[in-house]
Amino acid sequence: MSLKTCLTAATVSYGRGLDNKCTVFPIDKDLENPERKKRTIAMHTSYMSCCRFVKSGYQILTCSGDCTCALWDVDSSQLMQSFHGHISDVLCLDISPVHCRTFLSGSSDKTASLWDIRTGLCVHSFDGHDGDINGVKFFPTGESFVTASDDGTCRLYDLRADREVALYTKDCMIFAATCVDISKSGKLMFAGYNDYTVNVWDVLKCVRVGRIYAHDNKVTCLQRSPDGTAVCSGSWDTTLKVNSCSF
């Protein structure tokens with residue numbers, strides 16, 4: 001499992017893991033012992049696979065092996081909304097960069113779902129994969145998204161058409177795609193794989209334009225820098241590597 005960190009209005013970071021909990025830590029540099037100030041925000045009935053702050057920083061979304069997603073209030077730790085619809089472990093989620101009232105989830109039931117945070121209802125479910133969906137990511141416009149799957153493929157879905165519009169794969173690629181992110185321009189896709197590499201894809205042409213060989217074990221997470229100049233990848237080799245996005 002990994003730790004995902006995010007700055008919020010409350011200046012805290014969050015962690016998720018196999019203890020079924022979502023824990024919030026203060027990240028004030030002047031705080032001598034942040035461990036003493038940590039708070040458990042959320043509890044699921046199975047492992048916590050992913051969590052994300054909602055834009056305001058006062059709410060947090062979680063997903064779990066108990067097949068659900070949930071929205072929590074950070075200050076009160078109160079459950080605000082639960083999201084039911086997946087029939088297997090929910091492995092990943094991403095919040096729309098444009099409409100904070102919607103988010104995506106990916107599951108080992110081989111589907112990705114679009115949710116309305118306000119109502120708790122699934123707006124649409126997207127299929128096409130033949131394996132677990134390990135990563136989901138909105139494009140900067142919020143009008144489309146990509147997925148990464150155990151079947152070794154990444155797929156592009158258009159929310160306006162409610163369907164898959166592109167497939168990213170090569171005949172020689174037999175390893176699972178574990179995580180995915182999009183360049184600031186939306187023209188490139190970065191995908192991590194179990195073969196220890198990060199592959200760079202041209203979104204429109206559906207061709208691989210680069211490979212990053214940085215790890216000695218499978219890549220488990222990655223994220224583009226806010227300014228778009230670099231991508232950071234994490235791996236089971238216990239390292240984080242930062243590489244230039246000059247492709």
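Mapping to UniProt numbering: the sequence shown position 142 is 142, numbers consecutive. Backbone N, C-alpha and C define an ideal beta-carbon position, used for all residues, glycine too.
Query                                                                                                                                                                           : Result
Any idea if CYS6 is buried or exposed, counting beta-carbon neighbours within 10 angstroms, 16 or more meaning buried?                                                          : With a pLDDT of 36 at CYS6, under the threshold of 50, the predicted position of this residue should be treated as unreliable, and no value is reported.
Would you report the Cα separation of HIS84 and GLY120, rounded to the nearest angstrom?                                                                                        : 8 angstroms
For LEU71, count neighbouring Cβ atoms within 10 angstroms of its own Cβ and tell me buried if that reaches 16, exposed if not.                                                 : buried
Hey, would you say ASP216 sits closer than 9 angstroms to ASP237, going by beta carbons?                                                                                        : yes
If you draw a straight line from the alpha carbon of LEU93 to that of SER64, how long is it in whole angstroms?                                                                 : 10 angstroms
According to DSSP, is ARG118 part of a helix, a strand, or is it coil?                                                                                                          : coil
Enumerate in chain order the residues of its own chain whose CB-to-CB distance from LYS38 is below 6 angstroms, with the five nearest sequence positions on each side excluded. : THR23, PHE25
Please classify ILE174: does DSSP put it in a helix, a strand, or coil?                                                                                                         : coil
How many angstroms separate the CA atom of ARG208 from the CA atom of VAL200?                                                                                                   : 6 angstroms
For ALA176, which of LEU114, MET189, ASP132 has the nearest alpha-carbon?                                                                                                       : ASP132
Could you tell me whether the stretch 142–150 touches the stretch 158–169, where touching means 3 or more Cβ pairs closer than 8 angstroms?                                     : yes
Within a Cβ cutoff of 8 angstroms, which residues of the same chain sit near THR220, ignoring the five residues on either side of it in sequence?                               : SER2, THR178, CYS179, GLY192, GLY234, SER235, TRP236
Excluding the 5 residues flanking SER77 on each side, which residues of the same chain have their C-beta closer than 8 angstroms to its C-beta?                                 : ARG39, THR40, ILE41, ALA42
I need the straight-line Cα distance from SER225 to ASP130, nearest angstrom please.                                                                                            : 31 angstroms
Just the C-alpha distance for ASP151 and SER56, rounded to the nearest angstrom, thanks.                                                                                        : 35 angstroms
For TRP72, which beta-bridge partners are listed by DSSP?                                                                                                                       : ILE60, LEU79
Just grab the DSSP bridge partners of ALA161 for me.                                                                                                                            : Per DSSP, none; premise fails for ALA161.
Do ASP73 and LYS137 count as a contact pair if the criterion is CB distance below 9 angstroms?                                                                                  : no
When the Cα of ARG163 is compared with those of GLY135, ARG211, CYS232, ALA112, which residue comes out closest?                                                                : ALA112
Can you check which of these residues, SER88, ARG101, GLY210, ILE87, is closest to LEU61 by C-alpha distance?                                                                   : ARG101
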